[in-house]
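Heads up: the structure comes next, in structure tokens.
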């Protein structure tokens, strides 16, 4: 009953979304405010309907309405009410509806804010963003309907999910559901999809504004950049949180001792993050200098295409093979949508290319502008390398018939040097001046961090001669850290000298008065911390594995793991638990008891390896129970990893979020930020409206 | 009860015998450690599960494959021989790192070309920016400001801070 209401609401949501798209486009095209007004109301209506659909799906999940295929698939009696509710995004059909709902929510918020500055853009913003929403609601209605029921057709051996009763079929209601994939019952995986979707859908808003600017020909003016700055930051930070939560989940649950495996699904999320990060930086150049306009358009178009591509890959369980792809009804729909939107937006960009001429010229090759450009190139190159590695197995299969794998070694070798280049630029860029940088000044401001970092890198190289690559990496990272610290130091010093403030007061006021700059610096520090974890993973990870009898020990890097015993018991959530007790010693002193486990979820026939971890800022000792003697539980095999610096990834993630909040926090006087802009005039305004 | 005891005895004897036979077959008495097995398994992808390195894959099939690597090592196979064996058996997809020959080399070459292309475009763009800078000649010195303006600027800056 409730689910039927949800189904009706979903269909109404589709109609309203489609109407909003069409009406706002028509209203914008013919300049009919009434249609635009009506489209706005339709947006609110669509959001209301989708909210109703989401709520009724959650209700069905929590109350276990197993007549619905989706509920039977991801919910079960053994799950807690909270877990049942999170199953909303635990499967394909629910995720797509959830995506569409968040998207509609964003459009509703955008259409409710003041329109004054963007009156001309808004109809097209709504049209583009609601067009995207319509696509997803359409998928939800026609291809992957979360309210479909289960039917048993006459003579058939398998159940058919369908919204309406197929001929000669009877409804089938299972006793219990499959339940959420046990691997997904982790805080990382509960938080990861919503944050990722907020990030994904958030980027649609700047894209919609960019397209609106192109369509209306107002692309010569940069107001869309200013309007969408916070949206972009919001999307970016949520996508970042999604990535970090996903990494944490992999580390805690997947039992392979790492947090990033260059899996296609991870790559699919990383790519829009990469282009989005390039965009976040690159728009600053447009805002302050009126340059890089075409780049920014290309970056946001790419980000949008990659967002849709990413949703597709993560939601259809990917493209592990060309053949699997064709089976899912979603594949062709997604590819058609990506192709059409990409070509249309690029076509639009070419038509308006003349409106995107740079307002300013450059006076020297060395300038912040050129550093940013180089940074853009690196981000795009990494994106391409990741994209190419992700799709190459399919391309290879298509052209030569042989399937190949592209694993972590490829990504490390190709993207490693490019990321190193980015870290170098990250350290240097903030000291570069706009327009032209004098070499003398550059050397003077970069010399202290450079020399200190060379010293640190040199000392490191001396101590770790067996890993020459790590010395280079740590030199770069220490340079980037020192550059940021010196920047803070200089700011604090200036305030102390001129205003006589104490160090703490000076720091907090510095942050408060120059939120964008110093917030950005905090984000950079966070990124360096995350990079530290990657360096530790790439160069200093150690592992060993061995079978142990009771009382025997496994030794690695000064640690000793003593196997005490193994016990088997029936755990919560319908799992059989096999838990080992081990003692971790270092230099003869007991550090902690570690209890690595193997859980087996009986109903889902899903094993899960839960590590025992002893963590410090320096390194994690990460122990897995990988094998055991079935009879008597006497001997067991353990795998032990030393994961250096890994906890810096989580700390860095937190700092990154904090920095973004600082940078995006609304400032009290808008004039202060306007004053910061270097652009004295709006030369574009004189040129008139596009063509 | 006696039957059971007898059966167990026979089973135990049989398994001891089996172990002895295996030991005798191996001859060398060399038994590879898990670490040696994993070092090779790490370079391979599980042939059946998508995108899982063989050293961390916990399916039964993968355990068997690791056991096979162990046997091969015990039999005196080299690392390359084992890897080639897996490629022959299951195809190129078992390699974690794609080869650098034939069609597959494209996966390595194109990113390098992309970087080269990107840098070229960037240099062109920066050149373009510079070419059309007629407004202020690059070397023109900035005019000195009158001292009272400088003083006012400094005062306002201080207030702003």
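Protein chains in written order, with this note's numbering: chain Z, 1 to 691; chain A, 692 to 852. C-beta: ideal position from N, C-alpha, C; glycine also. Since the structure is predicted, the reported quantities are computational estimates derived from the model, not experimental observations.
Requested in this report: Determine the contact status of residue 433/Z and residue 516/Z, defining contact as a CB-CB distance below 8 Å.
Outcome: For the purposes of this step, residue 433/Z is taken as the residue at position 433 of the first chain. For the purposes of this step, residue 516/Z is taken as the residue at position 516 of the first chain. For residue 433/Z and residue 516/Z, no; Cβs fall outside 8 Å.
Query raised in the report: Should residue 743/Z and residue 622/Z be called a contact, given that it needs their Cβ atoms to be closer than 8 Å?
Result: Not covered by the structure: residue 743/Z. The range shown for chain Z is 1 to 691.
Query raised in the report: Closest Cβ-Cβ distance between residue 839/A and chain Z: below 8 Å?
Result: Taking the second chain and counting its residues from 1, one reaches residue 839/A at position 148. With 8 Å as the cut-off, residue 839/A does not count as an interface residue toward chain Z.
Query raised in the report: Quick one: does the C-beta of residue 216/Z sit closer than 7 Å to a heavy atom of the ligand NAP?
Result: The model depicted lacks the ligand NAP and carries no ligand whatsoever.
Requested in this report: State the Cα-Cα distance for the pair residue 460/Z and residue 555/Z, rounded to the nearest angstrom.
Outcome: Working through the first chain from its first residue, we reach residue 460/Z at position 460. Working through the first chain from its first residue, we reach residue 555/Z at position 555. Taking the straight line joining both Cα atoms gives about 25 Å.
**Report entry** Same chain, Cβ closer than 7 Å to residue 572/Z, five either side skipped, listed in chain order
**Finding:** Residue numbering aside, residue 572/Z sits at position 572 when the first chain is read from its first letter. For residue 572/Z, where only same-chain residues beyond five positions count, there are no Cβ hits under 7 Å.
Report task. Look at the alpha carbon of residue 523/Z and the alpha carbon of residue 659/Z, and state the distance between them as a whole number of angstroms. Result -> Taking the first chain and counting its residues from 1, the one referred to as residue 523/Z is at position 523. Taking the first chain and counting its residues from 1, the one referred to as residue 659/Z is at position 659. Cα-Cα distance, rounded: 5 Å.
Report task. Note down, in chain order, all residues in the stretch 788–813 of chain A with a beta-carbon under 7 Å from any beta-carbon belonging to chain Z. Result -> 788, 789, 794, 795, 798, 801, 802, 805, 806, 809, 810 and 813
**Report entry** Cβ neighbour criterion (16 or more within 10 Å) applied to residue 376/Z
**Finding:** Position 376 of the first chain, counted from the start, is the residue given in the question as residue 376/Z. Buried, because 16 or more other Cβ atoms sit within 10 Å of the Cβ of residue 376/Z.
Query - Assumed close pair residue 601/Z, residue 182/Z - CB separation to whole angstroms, cut-off 8 Å - result: By 1-based counting over the first chain, the position of residue 601/Z is 601. By 1-based counting over the first chain, the position of residue 182/Z is 182. Indeed they touch by this definition, with Cβ atoms about 4 Å apart.
Query raised in the report: Three or more C-beta pairs closer than 8 Å, one from the stretch 62–72 of chain Z and one from the stretch 18–36 of chain Z: is that the case here?
Result: no
Query raised in the report: When the Cα of residue 441/Z is compared with those of 366/Z, 101/Z, 514/Z and 473/Z, which residue comes out closest?
Result: As a first step, residue 441/Z is located in the first chain; it is residue number 441 there, counting from the start. Per the C-alpha coordinates, the member of 366/Z, 101/Z, 514/Z and 473/Z positioned closest to residue 441/Z is 366/Z.
Report task. Under 8 Å Cβ to Cβ from residue 514/Z, same chain only, skipping five residues before and after it: list those, please. Result -> Start at 1 with the first residue of the first chain, and residue 514/Z comes out as number 514. Excluding sequence neighbours, residue 514/Z sits near 491.
Query raised in the report: Which partner residues does residue 593/Z have in the DSSP bridge list?
Result: Against the first chain, residue 593/Z aligns to sequence position 593. Answer is 583/Z.
Requested in this report: Using only alpha-carbon positions, find the residue among 100/Z, 255/Z and 629/Z that is nearest to residue 641/Z.
Outcome: On the first chain, residue 641/Z is found 641 positions in, with the first residue counted as 1. Cα-wise, what sits closest to residue 641/Z is 255/Z.
Query - Environment of residue 502/Z [buried if 16+ CB atoms lie within 10 Å] - result: Here residue 502/Z refers to the residue found at position 502 when the first chain is read from its first residue. Burial call: exposed.
Query raised in the report: Of the residues that make up the stretch 723–737 of chain A, which ones have a beta carbon closer than 7 Å to any beta carbon in chain Z?
Result: 724, 725, 726, 729 and 736
Report task. Please list the segments of the alpha helix (DSSP H) lying wholly inside the stretch 40–76 of chain Z, counting only runs of 4 or more residues, in order along the chain. Result -> 69–74
Query - Rounded distance between the beta-carbons of residue 24/Z and residue 100/Z, thought under 8 Å - result: In the first chain, the residue the question calls residue 100/Z occupies position 100. In the first chain, the residue the question calls residue 24/Z occupies position 24. Contact flag wrong, Cβ pair sits at about 17 Å.
Requested in this report: Kindly say whether residue 783/A, judged by its beta-carbon, lies nearer than 8 Å to any beta-carbon of chain Z.
Outcome: Residue 783/A sits at position 92 when you count from the first residue of the second chain. Chain Z, which has a Cβ nearer than 8 Å to the Cβ of residue 783/A, makes this yes.
Query raised in the report: Contact between the stretch 292–308 of chain Z and the stretch 525–545 of chain Z: three or more CB pairs below 8 Å?
Result: no
Query raised in the report: Would you say residue 749/A reaches chain Z, if we count a Cβ-Cβ gap shorter than 8 Å as a contact?
Result: Taking the first residue of the second chain as position 1, residue 749/A is located at position 58. Residue 749/A counts as touching chain Z.
Requested in this report: Flag this pair as yes or no: are the beta carbons of residue 188/Z and residue 236/Z separated by less than 8 Å?
Outcome: Mapped onto the first chain, residue 188/Z falls at position 188. Mapped onto the first chain, residue 236/Z falls at position 236. No, Cβ-Cβ distance for residue 188/Z and residue 236/Z is not below 8 Å.
**Report entry** Length-filtered (4 minimum) alpha helix (DSSP H) runs lying within the stretch 598–671 of chain Z
**Finding:** 647–664
Query raised in the report: Span of the beta strand (DSSP E) holding residue 151/Z?
Result: Against the first chain, residue 151/Z aligns to sequence position 151. From DSSP, the beta strand (DSSP E) with residue 151/Z extends over 149–153.
Requested in this report: Can you give me the Cβ contacts of residue 324/Z inside the same chain, cut-off strictly under 6 Å, excluding the 5 residues immediately before and after it?
Outcome: Position 324 of the first chain holds residue 324/Z. For residue 324/Z, the predicted model reports a pLDDT of 47, less than 50, meaning its position is unreliable; a value from the coordinates is still stated below. Contacts found: none.
Requested in this report: Using only alpha-carbon positions, find the residue among 152/Z, 40/Z, 309/Z and 84/Z that is nearest to residue 136/Z.
Outcome: Taking the first chain and counting its residues from 1, the one referred to as residue 136/Z is at position 136. That would be 309/Z, whose Cα lies nearest to the Cα of residue 136/Z.
Query raised in the report: Hey, how far is the Cα of residue 373/Z from the Cα of residue 362/Z?
Result: Residue mapping note: residue 373/Z aligns to position 373 of the first chain, counting from 1. Residue mapping note: residue 362/Z aligns to position 362 of the first chain, counting from 1. Going from the Cα of residue 373/Z to the Cα of residue 362/Z covers about 12 Å.
Query raised in the report: Can you tell which of 759/A, 731/A and 739/A has its C-alpha closest to the C-alpha of residue 746/A?
Result: Your numbering for residue 746/A matches position 55 in the second chain. If we check each option's Cα against that of residue 746/A, 731/A comes out closest.
**Report entry** chain A residues whose Cβ lies nearer than 7 Å to that of residue 545/Z
**Finding:** Counting from one through the first chain, the residue named residue 545/Z turns up at place 545. Those are 725, 726 and 729, listed as they occur along chain A.
Query - Best match in 15/Z, 617/Z and 202/Z for proximity to residue 696/Z [C-alpha to C-alpha] - result: Since the first and last residues shown for chain Z are 1 and 691, residue 696/Z lies out of range.
Requested in this report: Just the C-alpha distance for residue 133/Z and residue 804/A, rounded to the nearest angstrom, thanks.
Outcome: As a first step, residue 133/Z must be located in the first chain, where it is residue number 133. As a first step, residue 804/A must be located in the second chain, where it is residue number 113. Distance between the alpha carbons of residue 133/Z and residue 804/A: 37 Å.
**Report entry** Three-pair Cβ contact test at 8 Å for the stretch 330–344 of chain Z versus the stretch 223–238 of chain Z
**Finding:** no
Query raised in the report: How many angstroms separate the CA atom of residue 846/A from the CA atom of residue 488/Z?
Result: Counting from 1 along the second chain, the entry for residue 846/A is found at position 155. Counting from 1 along the first chain, the entry for residue 488/Z is found at position 488. The alpha-carbon atoms of residue 846/A and residue 488/Z are separated by roughly 22 Å.
Query raised in the report: If you compare alpha carbons, which of 314/Z, 476/Z, 251/Z and 426/Z is closest to residue 610/Z?
Result: Sequence index remark: in the first chain, residue 610/Z carries index 610 (1-based). If we check each option's Cα against that of residue 610/Z, 251/Z comes out closest.
Query - Segment limits, beta strand (DSSP E) that includes residue 160/Z - result: Mapped onto the first chain, residue 160/Z falls at position 160. Per DSSP, residue 160/Z belongs to the beta strand (DSSP E) from 159–162.
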